[in-house]
Structure formats: C-alpha cells, structure tokens
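J.: First the structure, which I've put down as structure tokens, then a few questions once you've had a look.
4 protein chains.
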Amino acid sequence: MLEGLSFDQQKEAQEILEAIKFFSLKGWSPATSTNYSLRLQNDRFLISRSGVDKSQFKLDDLIHINSKGEIYPEFQKPGVKSSAETMIHTSIYARFPEINCVLHTHSVLGTWLSQKFAIEKAIHFNGWELLKGLAGIDTHLTTVTLPIVYNHQDMETLMNEMEYHWAYGPMGFLIAGHGLYTWGRNVFEAKRHIETFEFLFELKKLEK
Amino acid sequence: MLEGLSFDQQKEAQEILEAIKFFSLKGWSPATSTNYSLRLQNDRFLISRSGVDKSQFKLDDLIHINSKGEIYPEFQKPGVKSSAETMIHTSIYARFPEINCVLHTHSVLGTWLSQKFAIEKAIHFNGWELLKGLAGIDTHLTTVTLPIVYNHQDMETLMNEMEYHWAYGPMGFLIAGHGLYTWGRNVFEAKRHIETFEFLFELKKLEK
Amino acid sequence: MLEGLSFDQQKEAQEILEAIKFFSLKGWSPATSTNYSLRLQNDRFLISRSGVDKSQFKLDDLIHINSKGEIYPEFQKPGVKSSAETMIHTSIYARFPEINCVLHTHSVLGTWLSQKFAIEKAIHFNGWELLKGLAGIDTHLTTVTLPIVYNHQDMETLMNEMEYHWAYGPMGFLIAGHGLYTWGRNVFEAKRHIETFEFLFELKKLEK
Amino acid sequence: MLEGLSFDQQKEAQEILEAIKFFSLKGWSPATSTNYSLRLQNDRFLISRSGVDKSQFKLDDLIHINSKGEIYPEFQKPGVKSSAETMIHTSIYARFPEINCVLHTHSVLGTWLSQKFAIEKAIHFNGWELLKGLAGIDTHLTTVTLPIVYNHQDMETLMNEMEYHWAYGPMGFLIAGHGLYTWGRNVFEAKRHIETFEFLFELKKLEK
Chain A
146 MLEGLSFDQQ KEAQEILEAI KFFSLKGWSP ATSTNYSLRL QNDRFLISRS GVDKSQFKLD
206 DLIHINSKGE IYPEFQKPGV KSSAETMIHT SIYARFPEIN CVLHTHSVLG TWLSQKFAIE
266 KAIHFNGWEL LKGLAGIDTH LTTVTLPIVY NHQDMETLMN EMEYHWAYGP MGFLIAGHGL
326 YTWGRNVFEA KRHIETFEFL FELKKLEK
Chain B
146 MLEGLSFDQQ KEAQEILEAI KFFSLKGWSP ATSTNYSLRL QNDRFLISRS GVDKSQFKLD
206 DLIHINSKGE IYPEFQKPGV KSSAETMIHT SIYARFPEIN CVLHTHSVLG TWLSQKFAIE
266 KAIHFNGWEL LKGLAGIDTH LTTVTLPIVY NHQDMETLMN EMEYHWAYGP MGFLIAGHGL
326 YTWGRNVFEA KRHIETFEFL FELKKLEK
Chain C
146 MLEGLSFDQQ KEAQEILEAI KFFSLKGWSP ATSTNYSLRL QNDRFLISRS GVDKSQFKLD
206 DLIHINSKGE IYPEFQKPGV KSSAETMIHT SIYARFPEIN CVLHTHSVLG TWLSQKFAIE
266 KAIHFNGWEL LKGLAGIDTH LTTVTLPIVY NHQDMETLMN EMEYHWAYGP MGFLIAGHGL
326 YTWGRNVFEA KRHIETFEFL FELKKLEK
Chain D
146 MLEGLSFDQQ KEAQEILEAI KFFSLKGWSP ATSTNYSLRL QNDRFLISRS GVDKSQFKLD
206 DLIHINSKGE IYPEFQKPGV KSSAETMIHT SIYARFPEIN CVLHTHSVLG TWLSQKFAIE
266 KAIHFNGWEL LKGLAGIDTH LTTVTLPIVY NHQDMETLMN EMEYHWAYGP MGFLIAGHGL
326 YTWGRNVFEA KRHIETFEFL FELKKLEK
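Protein chains in written order, with our numbering: chain A, 146 to 353; chain B, 146 to 353; chain C, 146 to 353; chain D, 146 to 353.
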C-alpha cells in the first residue's frame, strides 16, 4: 500500500501495477524500457522510477513528482531517479486537464512501424472495428491518425516536434524507433488505448 | 457462485469463465472487445456485459437477458449494459434450438482474414486434420466454408446479411474487420470450435 | 495418484502430465487434438483418452490399454475411448523395444510444413546446433531427415505407408496436414525431441 | 538455499534462477539447450549443469567450478556434468575482470540470424532507442556490432575464432546456428543485455 493516497488513488495505483504486469507478459516493455504515470492532484503525480525490470515492478517503484518532474523530498532516496522521459508525461498532463493516466510501451511492432513510417510522420488506421477501443469512437467507418515524431534524447526538442501534430487531435503518438505514448481519463481507458494501438500495429504489419 | 442457477448451469458458467480467461491469454479479446453467452432456458440467457477488460472478467459480469436481449429487472444496475452485439447471440439461439453457447473472439488473424477475404464473402478450409475439431466432421477430406458478412454497427442489418449464408450450413461466421462468431451445444464444443477456427486462420495465413 | 503403478511409473506419469501442460501452453495441442502414451510393461500402456481439452488434462485421463490397443476391463467406463490413433502408438512400441514414451503434437508449423513438404515425403534439417537435442547426435554437422506420410483416417493404411520410411532411421515422423509423432526412452527424452523438432520447424519456416 | 554463499551471492543465484525461468517462458532455451553462470570469487563460479530441462531448472542445478572449468570435489556427483560450453564462460571471465555473470540463450531468431549473417561475421544494429539497454550506451545515434563466430564442437577452436572480434569491443557474440552469449557486471545487467539483443533480433527480422 502506498501512503498518503485516497482509496480511489490506491485503486488506480493497483490498476497501473496490473497493467504494467500485463504489458510485461506481452513483451511490450523489454530491458527496463517504458514508463507509466498517474495524476493524483494538480501538482502531484506518480511515475515509474527509472531502470526497473518491468517483470519485477512493485508498487513502491512508483514515485511522487510535481508538475516540473521534480521528486518530492520525502521520496528522494539514493539511486532513485524519475524516468528520463518524465517531461513527456508532465507535458501531456499540462495539455489535457481531463487526462489522469499516461502509458508508454516499447513493443517490437510499435518500434518497427514508428521507424518504417517515420518519413510520413504518421500512421493511418481505417475501417477496423477495434478503432472503437479508442475513447469517443463509435464506428469502424473512420480514420485514426497516429503521429510520429523523430527520436531525440532531449525531451524538450522532442515535445516541441509534437507541436506540429496536436492539431490532428491525436490519442497518442509514436517516437520513431522508440515506441508508443497514449493516455486516458483513468488507467482502464489508457490501458485499453495501448491494447487498441498494439492490435492495430499487428494489422498494419499484415496489411503490407 | 451465480444465484438461481442449477448445478449444471453453474458448471457451464464456470466453464465459460475459464474459456474467456483462455482466450484472453491467447490475445483473442483485446481492449474490452468480444462477447460470450449461454442459454439457460427458453427465454433466459447469460451474456457478458459490455465494456469489461476480459483479462479481469468475473462471474458476475455475466448478466441475465431474455430472448429480446432485455436485461431481467433484478440484474439491472447503473452502468450495466448488455453487449452491443446481443442481438447476434439471440438470433443464433432462435435459429438453432440445439445450440446453448455462442462465443465471439476478436483475434488479429480473424480480423485481418475477414477483411482480406471480404469481397469473396467466405473463406474455405480444405484437407486439414483439425477440421475434425468441428462438430460432425470425421475426415480431413472435406471443405469447410466460413462465411463473411460486412461490418454494420446496426445489428439487424448485419444479421439480415447473414441470411444469404445460412444455406452453407456454416458453423460460424466472420464479420469483416471485426472477428469470429461460432457456437456449440455446450461451452466445451463452442470453445473447441473457436480453437479450431483460430488454428485454421494461422494455416490460411501461412498458405499465402 | 494412479493406482497400480510403481514409484518410477508414477513419476513418469507425472512428467507426461507436465509435458502435456507445457505443450498446451505453447499452443501445440489445439481443440482436443494430440495424444500421448507411456509403456508400463510388455503388454500394458498408459494412453491419453480421446476428446479431452488438453488445457484441462488430468492424471486420470490416462487409461490402461494392452498392445492391441484394447482398454483393460477395469478402466472401461461409459464415454471413455482410447485415442483414435492408438494403433500408431502400439506400432511404435512394437518396433522399438527401448522406447517407453510416444508423443504426438499438432502445432500450426508442424501441420503447415507437413503439407508443404508432403510431395517430397520428408523434411531435411542440416547444420543447426539444436540437432544435438535428438538422442545420439553430438554434432551440428549432420543432416536429420523427418519423413512425411499422407494422412489416412485408417490407421493401418497410415502405418503401412511408414514402412517405406523406417530405413532412414527416423526419430519421428509427420502426418501430412496433421502433425508430429516422436518418441524416446522416457518422457524426458521424448519431450526434448518434441521441443527440438518444433524449434527446427520454426527455423525451416524462416529459411524459406 | 545454496550452502557456502554470502547473502549477496544467494541473491544473485536467486536472480539467475528467475532469469532462467523468464527465458524459458520466452522459448529462448528449448530442449535442454543454453547455459548460465555467475562469478563468486576469483577461482569459484556457479554454472548450470548439463542436460537440464530449463522449464524445470532448480537452484541445485547450479554447480561450483573453478576457472579451469573443473567441478569442485564436494559438488561431484554421478551423472552431474558441467555444461559442454563451460570453457566459453571461463574465457569470458578471464578476459573481463568486471564481469560477474555470463548468459547464453538459444532463441529461434538468434539461431536463424546467426546463420543468415554468418558469412558477414557480424550483425550491425543502428538507430534504435533500445540500444540504450546495453551498458554504457546513452543514445540511439550509434551502431552496435554483434560478432558471429562459426560453430565448433571444440570450445578452444571456437574461442580462438573470437580473437579476431574482441577489437570491436563487443558486448556479446553469436555462434552461427547456435545462439547468443552476452554478459554483465551482475545478473540484472546481463539479463537486460539478453532482452536487448533479442528485441534487436526481432527488429532485424522485420527490417528485411
């Protein structure tokens, strides 16, 4: 149990833990890659700490940060760092007040497709029933666009590149050669978005 | 334990739960997709409620409906809806008095093949020993035809399109871009049909 | 625990159960397909009974038969049948006195390759380190030939066709469109042979 | 619990056991293939014994050897042999004083790619974020070279061939048709390297 969390926040933290375990079994988080976060309050977030083997992830590998990505003093311990990609999470929360969970997976297919379509700066998905897995979509007769940004080790540069893409109203994005970011109003919705995009990636591979 | 069920019905409900877990582990029910049902009596059915993550499915996510797809009053709760595809299930039960279980999965391969062969309105499987996994087939020297209907968000339109296909004597059907429906006299047989078709899908992909 | 078995036989029965579970998790025994056996004594064998979902297989789904494939009277129960392919098992035991375990899996790749190479009546594997997974092979610099027989629903016809192949000294064989038979001095060795051939099948698919 | 080990060594032994289980579930150690080791002290190592089914691997299947690969007398038991490839492990420890764990997996993709690129004597990986899974790499804008040596049943010949490759500063190598060796300062790092290379193998397959 995590201290200082409300009953509902405990429940969400437990759900994100189960989602992390699910993604690990799927092979979507190899070699300590990937990161995950939850919004607790305006200026308090839980985020997975850096460098953990996701097949071994535990509740106290979630650490408390503020909206600048700084670890709250009571959670500062030797060797504990927030994910290098923390700024991606906090930027998404700043942009979308209704979003309370951000998930990033690193599957083989997401990685491969993100490189393969990098020059087109997006992948388009059309006509599949599972598009309805994305919030607000209630028919397969639509096209969903998932933008792709180039990979940068500097997070500010990376998020600046996303500026060109927000106009699409994307529900996630790919970083080229790196993987998928998506989000939702809660863990349940964000996990459903990860599963939806990963399924669409499988179809995209077969379509070729 | 589900109240108001006979010993045999409890057993079937438990088996459908195990089948749902099995399909989830196989990746055949991503992102809250898929639905499953059991016939209890002439006018009473158990069906999976809408919007549940199938990796978390529990016995009380099965709700009681009548043959019109209406939830029995004692099972009506806020936020509990029957599957949007309930009418597909009740139509199948109305057509086949001997059928007591209907299963719908949404695998990557079923989805992809259903789109790929949509214009031919069917997939044919021939010569494989595993065809014997389908009820009533006792030799591989036969051809099994699995019809495909276009995807419609309106269930009545969708089932009307199936009218052209019942003459084949199909043991299931695909909805284009959407997935597989099959059925059986009990959960055991219906699950065996799902496994058989999914296996045949894998072979069809390799045959190309 | 199975009655009437020695300590060593109990151990082998337990091992075959674990092997069956392992194969089921791998997806090598879909839709009640596949069968498995153990030699207990000259004229007594354990064999998997027909029609069981292998993800649910239990110790008492192993039944006692004699070398003609007849169920011993004390194991005859309504609805309990020996596998339709029992004669394949008893023929192999009759041919190889040192063999005490026969396993038959039905993987997608085994099924597909067995059809693809059916006209050549064999698949050849060459140069892979894992060939050493087969009994008696201690170098990768060798060629292993796995014969293929056409599929017959009549077991006598099927085994007659194998007559042309025994000269190769095969350690298993494929039935076209149907799957793999292999064997070993004990469950451990026979399971290793299954894993070896399934691995070689994966390589054969990639080699194309 | 293994006798004669310090608390930290016990922890590492437990971690290597969990890594072996993880690799087995991934299908990277079929048919008793693969081997694993830990450095305890200058002249004492734990190494997996030969011929064990890795899905059943237990703590006491790790045996104590010296730097010549000889089993310490108190661990000599009938039928217990050190891995045939023990010399590969001891050579790596002799070369790299900071390395305390050596892991060898035998996945389908590693095996296939090692043969496919054998004539080029190396595989190059470039531009993927997951390259950062390898120790000391902090950007995707780099190329990692994984050397390939021909397969020899004689370990001395095999390691002699590696002599041509150490100049690359490799973090692992492939044996053609045989599989992957990699290592790390501890089990955690070595396991991360296995996962990283296996992920890069998947991408290499898709890139073609």
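All C-beta atoms, glycine included, are put in the ideal place defined by N, C-alpha and C.
Buried or exposed: where does ASP205/D fall if 16 or more other Cβ atoms within 10 Å of its Cβ makes it buried?
T.: Start at 1 with the first residue of the fourth sequence, and residue 205/D comes out as number 60. When all chains shown are included, ASP205/D counts as exposed.
J.: Rounding to the nearest angstrom, what Cα-Cα distance links ASN211/D and HIS234/D in this structure?
T.: Walking along the fourth sequence from the start, residue 211/D turns up at place 66. Walking along the fourth sequence from the start, residue 234/D turns up at place 89. Computed Cα separation, rounded: 11 Å.
J.: Tell me, please, whether the region 306–320 of chain C touches the region 152–164 of chain D by the rule of three or more beta-carbon pairs shorter than 8 Å.
T.: With a cut-off of 8 Å, the region 152–164 of chain D and the region 306–320 of chain C do not count as touching, because too few Cβ pairs lie within range.
J.: Identify the continuous alpha helix (DSSP H) that holds VAL294/A and give its terminal residues.
T.: Position 149 of the first sequence, counted from the first residue, corresponds to residue 294/A. First-last for VAL294/A: 288–294, but that is the beta strand (DSSP E), not the alpha helix (DSSP H).
J.: Okay, do the region 260–276 of chain D and the region 242–252 of chain D touch, 3+ Cβ pairs below 8 Å being the bar?
T.: No, because fewer than three Cβ pairs between the region 260–276 of chain D and the region 242–252 of chain D fall closer than 8 Å, the two stretches do not touch.
J.: Which residue's Cα is closest to the Cα of LYS277/A: PHE344/A, VAL225/A, ILE237/A, LYS213/A?
T.: Residue mapping note: residue 277/A aligns to position 132 of the first sequence, counting from 1. The residue with the shortest Cα to Cα distance from LYS277/A is PHE344/A.
J.: List the residues of chain D whose Cβ lies closer than 9 Å to the Cβ of GLY272/C, in chain order.
T.: Position 127 of the third sequence, counted from the first residue, corresponds to residue 272/C. Here the neighbours are GLN260, ASN296, ALA321, GLY322.
J.: Taking the C-alpha atoms as reference points, what is the distance between GLU340/B and ARG240/D?
T.: The residue given as residue 340/B occupies position 195 in the second sequence. The residue given as residue 240/D occupies position 95 in the fourth sequence. Cα-Cα distance, rounded: 51 Å.
J.: Run through DSSP, which three-state label would ILE165/A get?
T.: Residue 165/A sits at position 20 when you count from the first residue of the first sequence. In this structure, ILE165/A counts as helix in the three-state DSSP scheme.
J.: Using the beta-carbon of each residue, which ones in chain C are nearer than 7 Å to LEU348/B?
T.: As a working mapping, residue 348/B is identified with position 203 in the second sequence. Simply VAL253, THR256, TRP257.
J.: Would GLY324/D and HIS269/D be called neighbours here (beta carbons separated by less than 8 Å)?
T.: One-based indexing of the fourth sequence puts residue 324/D at position 179. One-based indexing of the fourth sequence puts residue 269/D at position 124. Cβ distance not < 8 Å, so GLY324/D and HIS269/D don't count as in contact.
J.: With a threshold of 7 Å on Cβ separation, who are the neighbours of LEU279/C within its own chain once the five nearest residues in sequence on each side are excluded?
T.: As a position in the third sequence, residue 279/C is number 134, starting the count at 1. Hits under 7 Å: VAL289, MET316, HIS338, THR341.
J.: Can you list the residues of chain B that ASP206/C reaches, using a CB-CB cut of under 7 Å?
T.: In the third sequence, the residue the question calls residue 206/C occupies position 61. What ASP206/C touches in chain B: nothing, since even the nearest Cβ is about 14 Å away.
J.: Given 7 Å as the limit, tell me if ALA176/A has its C-beta closer than that to any heavy atom belonging to the ligand COA.
T.: This structure does not include the ligand COA; it has no bound ligands of any sort.
J.: Pull up the DSSP beta-bridge partners for THR235/D, would you.
T.: As a first step, residue 235/D is located in the fourth sequence; it is residue number 90 there, counting from the start. THR235/D pairs with nothing; no bridge assigned.
J.: Classify ASN305/B as helix, strand or coil using the three-state DSSP reduction.
T.: For this step, residue 305/B is matched to residue 160 along the second sequence. Here ASN305/B sits in helix by DSSP.
J.: Does the region 344–353 of chain B come into contact with the region 295–305 of chain C, if we say contact requires no fewer than three beta-carbon pairs (one atom in each stretch) closer than 8 Å?
T.: Counting Cβ pairs under 8 Å, fewer than three are found: no touch.
J.: Using 8 Å as the threshold, is the C-beta distance between GLY281/C and GLY322/D below it?
T.: Taking the third sequence and counting its residues from 1, the one referred to as residue 281/C is at position 136. Taking the fourth sequence and counting its residues from 1, the one referred to as residue 322/D is at position 177. Contact: no.
J.: If we ignore side chains and look at the alpha-carbon of each, how far apart do GLU219/D and VAL225/D end up?
T.: Taking the first residue of the fourth sequence as 1, we reach residue 219/D at position 74. Taking the first residue of the fourth sequence as 1, we reach residue 225/D at position 80. Near 12 Å, if we compare the C-alpha coordinates of VAL225/D and GLU219/D.
J.: Starting from HIS225/D, follow its DSSP beta bridges and name the residues at the other end.
T.: Here residue 225/D refers to the residue found at position 80 when the fourth sequence is read from its first residue. Note that residue 225/D is Val in the sequence shown here, rather than His. According to DSSP, which records beta bridges pairwise, VAL225/D is partnered with nothing at all.
J.: Which chain A residues sit within Cβ distance under 8 Å of THR177/B?
T.: Locating residue 177/B in the second sequence gives position 32, where the first residue counts as 1. The contacting residues are GLY278, ARG337.
J.: Please identify the residue among ALA267/C, ILE161/C, PHE333/C, LEU286/C whose C-alpha is closest to the C-alpha of PRO366/C.
T.: Absent from the structure is residue 366/C, since the part of chain C shown begins at 146 and ends at 353.
J.: Cβ of ASP299/B less than 8 Å from any chain A Cβ?
T.: Here the question's residue 299/B lines up with position 154 in the second sequence. It does not; no Cβ of chain A falls within 8 Å.
J.: Between which residues of its own chain and SER200/D is the CB-CB distance below 6 Å, once the five residues before and five after are set aside?
T.: As a first step, residue 200/D is located in the fourth sequence; it is residue number 55 there, counting from the start. SER169.
J.: DSSP on ARG337/D, reduced to helix/strand/coil?
T.: Mapped onto the fourth sequence, residue 337/D falls at position 192. Helix at ARG337/D.
J.: What first and last residue would you give for the alpha helix (DSSP H) that runs through LEU254/C?
T.: Walking along the third sequence from the start, residue 254/C turns up at place 109. That run of the alpha helix (DSSP H) goes 253–261.
J.: Closest by CA to ASP283/C, which one among ARG189/D, SER178/D, ILE165/D?
T.: Along the third sequence, one-based indexing puts residue 283/C at 138. That would be SER178/D, whose Cα lies nearest to the Cα of ASP283/C.
J.: Can you name, in chain order, every residue of its own chain whose Cβ lies under 8 Å from the Cβ of LEU258/D, other than the five neighbours on each side?
T.: For the purposes of this step, residue 258/D is taken as the residue at position 113 of the fourth sequence. Taken in chain order, the residues that qualify are ILE268, LEU319, PHE346, LYS349, LYS350.
J.: Grouping DSSP H, G and I as helix and E and B as strand, with all else coil, what is GLN186/B?
T.: Here residue 186/B corresponds to residue number 41 of the second sequence, with the count starting at 1. Strand at GLN186/B.
J.: Distance, Cα to Cα, PHE167/A vs TYR326/A?
T.: Taking the first residue of the first sequence as 1, we reach residue 167/A at position 22. Taking the first residue of the first sequence as 1, we reach residue 326/A at position 181. Cα to Cα, the separation comes out at about 16 Å.
J.: Which residue wins for smallest C-alpha separation from LEU150/B, given the options TYR309/B, LEU207/B, GLY196/B?
T.: Residue mapping note: residue 150/B aligns to position 5 of the second sequence, counting from 1. The shortest Cα separation from LEU150/B among TYR309/B, LEU207/B, GLY196/B belongs to LEU207/B.
J.: For SER200/D, go through chain C and note every residue whose CB falls closer than 7 Å to its CB, in chain order.
T.: On the fourth sequence, residue 200/D is found 55 positions in, with the first residue counted as 1. Under the 7 Å cutoff, chain C gives PHE167.
J.: Does GLU148/C have its Cβ less than 8 Å from a Cβ in chain D?
T.: Numbered from 1 along the third sequence, position 3 holds the residue referred to as residue 148/C. Cβ-Cβ to chain D under 8 Å: no for GLU148/C.
J.: Among all the DSSP beta bridges, which residues are the ones paired with SER193/C?
T.: For the purposes of this step, residue 193/C is taken as the residue at position 48 of the third sequence. BP columns for SER193/C point to LEU207/C.
J.: Would you kindly report the start and end of the unbroken beta strand (DSSP E) that includes ASN271/A?
T.: For the purposes of this step, residue 271/A is identified with residue 126 of the first sequence, where counting begins at 1. Note, ASN271/A: beta strand (DSSP E), 267–271.
J.: Report all residues from its chain with a CB closer than 6 Å to the CB of MET232/C; omit the five preceding and five following residues, and keep chain order.
T.: Translated into the one-based positions of the third sequence, residue 232/C becomes position 87. Excluding residues within five positions, the ones whose Cβ falls inside 6 Å are GLY214, MET300.
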